[in-house]
């Protein structure tokens, strides 16, 4: 009975009080790590158009990295230890700018960025791309609740938001834009975030 009461109280506490800290944390994180996040985005913007790539850390110690290397017809997924020389060899084998990829991964590890990838979206039937990054942080932990990540989306162009900072489709169309069925909130004109139970 005592355990059930503790769980119930924890859930109520989370519902009543944690929304504000959870919403504030991604903004604080972005402000604290803005320089590194911009560098990661720029490095990734150099890598992806030449050779598509997604990268994810698969352990909480940030020692194991999974690389999804894409060709025109195939997708290869490899997992490496950060110290494993075979990661560099594999990147060279598939024609990646090895130094740029490794530099990006080191920055990701430094700020505990869990994952990076791209997503296509359309505006007025025109294809555009955004960059996804996900971050796992202990400040989002709540007892007995599922793990939480926050997802950052980086757009090439300034976006539109409503008065509450919720991402919209267009300036004159007051329709919320959902990305992967999630609602995103403003950090700045080009960057917004959501909290999610999934890191990708």
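In the numbering used here, the protein residues as written are 14 to 213.
Glycine included, each C-beta is placed from N, C-alpha and C at the ideal position.
Residue i in three-state terms, based on DSSP
i, result
"residue 98", "helix"
Span separating the alpha-carbon of residue i from that of residue j
i, j, result
"residue 129", "residue 116", "14 Å"
"residue 182", "residue 192", "11 Å"
"residue 138", "residue 166", "20 Å"
"residue 93", "residue 85", "23 Å"
"residue 66", "residue 91", "11 Å"
"residue 147", "residue 133", "17 Å"
Residue from the options with nearest C-alpha to residue i
i, options, result
"residue 72", "146, 133, 122, 206", "122"
"residue 149", "50, 70, 86, 57", "70"
"residue 179", "87, 135, 202", "202"
"residue 74", "172, 171, 124", "124"
"residue 194", "118, 208, 172", "208"
"residue 176", "187, 118, 168", "187"
"residue 78", "62, 61, 101", "101"
"residue 97", "68, 76, 170", "76"
"residue 108", "118, 143, 64, 204", "64"
Cutoff 7 Å; reference residue i; Cβ partners in own chain excluding five residues on either side
i, result
"residue 104", "111, 114"
"residue 206", "39, 163, 164, 165, 197, 198, 200"
8 Å CB neighbourhood of residue i in its chain, flanking five on each side removed
i, result
"residue 120", "49, 52, 53, 56, 126"
"residue 88", "81, 82"
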